Amino acid sequence: MSARIIDGKAYAASLGERITGALAPFVEKTGRRPGLAVVLVGADPASEVYVRSKAKMAKQLGMESFEHVLPETATQEELLGLIADLNADEAVDGILVQLPLPGHLDASSVISAIEPAKDVDGLHPINAGLLASGLPGLVSCTPLGCLMLIKSARETLSGAEAIVVGRSILVGKPMAQLLLAENATVTIAHSRTRDLASRVRQADIVVAAVGQAEMIKGDWVKPGATVIDVGTSRLLRDGKKTLVGDVEFDRAAKQAGAITPVPGGVGPMTIMSLMHNALVAAYQRKGFPAPALW
Ligand code: NDP
945 MSARIIDGKA YAASLGERIT GALAPFVEKT GRRPGLAVVL VGADPASEVY
995 VRSKAKMAKQ LGMESFEHVL PETATQEELL GLIADLNADE AVDGILVQLP
1045 LPGHLDASSV ISAIEPAKDV DGLHPINAGL LASGLPGLVS CTPLGCLMLI
1095 KSARETLSGA EAIVVGRSIL VGKPMAQLLL AENATVTIAH SRTRDLASRV
1145 RQADIVVAAV GQAEMIKGDW VKPGATVIDV GTSRLLRDGK KTLVGDVEFD
1195 RAAKQAGAIT PVPGGVGPMT IMSLMHNALV AAYQRKGFPA PALW
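The sequence shown runs 945 to 1238 under our numbering.
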């Protein structure tokens, strides 16, 4: 048996087209494009790349993009001041603060300062609470993208046994809530979980969000399972730096029904889910029903 490779890049590209298509009615109604503000503090090279690619993608799809770069030395008050300005700015529908922040800044109070209706990263406690309550809100981008891919690969999630490996606020917890809302039976595993292998073996859906190269072995995967690999690690392989996931891909692909590659699986979906959330936030802030794009 050989798994179908879930092409996150292709899915993200088609979602991008649908997002662009859904902009026109918004522009017609409001006379402006949805606006996404991205905030970077400091000059971490990886964060700079992420912020630039998010801003570029927003423009490419036809949204307005506002980039704000604060120096590494910015104070909590300065950052909170910027967030307050963006909250009040009618042209801004979504606010994304690139994490991690420099060590002297308190990320959780910064996230909590974002107007929940503009929290396109879905990390505000109000949005996390809405998700946990089964109510509509803005959903964390990476798990939302994973859910889209899972739904593209399976006829139904109802009654499926799912395991989410990792329990971060960013990925694992919201992922588990989303699967639960789809009526999967969900196990959340973490660093203290005993006998992970036997739990993974029972799962029809595996979402791996750990950040440890190939820690989920291919022969743990149940035949026919849907495997979503969120993790990214760099390994030195044949003298070359190679990006690998949390799942031992080659062996897992022999067992799984469908599997995401790394790269080209979850990564492209994270940024496109952000664009999706910016569009949804724009519609909802104006009191219009958000278009269903997936
Ligand atoms: P965190 O470090 O916040 O969380 C990792 C989780 O893995 C924790 O819950 C931890 O458990 C758990 N864990 C650690 N070791 C084990 C183990 N041996 N067995 C089972 N569980 C374990 O990471 P994130 O959730 O932020 O990200 C996870 C991975 O996903 C990273 O590689 C990150 O780079 C990647 N990522 C990729 C994205 C993409 O777009 N492709 C987007 C976001 C993240 P405990 O809570 O007990 O410590």
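Ideal placement from N, C-alpha and C gives every residue a C-beta, glycine not left out.
Because the structure is a prediction, the values reported are computed rather than measured.
Compute every distance between the C-beta of residue i and the non-hydrogen atoms of ligand 1, then say whether any falls below 6 Å.
i	result
Glu1176	First, the amino acid is wrong: residue 1176 is Thr here, not Glu. Correct: Thr1176 has its Cβ closer than 6 Å to ligand 1.
Thr1017	no
Thr1214	yes
Ala1153	yes
Gly1006	no
Arg996	no
Leu1114	yes
Ser1135	yes
Gly1211	yes
Val1109	yes
Thr1086	yes
Applying the criterion that 16 or more other CB atoms from any shown protein chain within 10 Å of the CB defines a buried residue, is residue i buried or exposed?
i	result
Asp1173	buried
Glu1126	buried
Val971	exposed
Thr1214	buried
Thr1204	buried
Asp1050	exposed
Leu1179	exposed
Phe1193	buried
Gly1047	exposed
Gly1231	exposed
Gly975	exposed
Lys1185	exposed
Lys1241	The chain is shown only over 945 to 1238; residue 1241 falls outside these bounds and no answer can be derived.
Gly1110	buried
Gln1042	buried
Leu1250	Because the chain spans 945 through 1238 in this model, residue 1250 falls outside it and cannot be assessed.
Gly1103	exposed
Gly1239	Summary: the structure shown does not reach residue 1239, with the chain confined to residues 945 through 1238, and so no result is reported for it.
Asp1190	buried
Output yes or no for whether 7 Å exceeds the beta carbon distance between residue i and residue j.
i	j	result
Glu1008	Arg977	yes
Asp1037	Arg1181	no
Ala999	Glu1011	yes
Val1210	Cys1090	yes
Ala1153	Gly1116	yes
Val1108	Ala1120	yes
Asn1031	Glu1059	yes
Ala1133	Asp1148	no
Ala1141	Val1171	no
Ile1027	Ala1072	no
Ala1236	Ala947	no
Glu1016	Gly979	no
Gly965	Met1216	no
Val1188	Glu1158	yes
Leu1075	Val1083	yes
Pro1212	Ala956	yes
Leu1093	Ile950	yes
Ile1055	Leu1067	yes
Thr1131	Arg1143	yes
Val1165	Ala1196	yes
In the stretch 994-1045, which residue ranges form an unbroken beta strand (DSSP E) of at least 3 residues, counting only runs that do not cross its ends? 1008-1014, 1038-1041
Quick one: which unbroken alpha helix (DSSP H) runs of 4-plus residues sit fully inside the stretch 1118-1166? Chain order, please. 1140-1145
Which complete alpha helix (DSSP H) runs does the stretch 1040-1079 hold, if anything under 4 residues is left out? 1051-1057, 1069-1076
Which runs of the alpha helix (DSSP H) fall wholly inside the stretch 1169-1217 and span at least 4 residues, in chain order? 1193-1199
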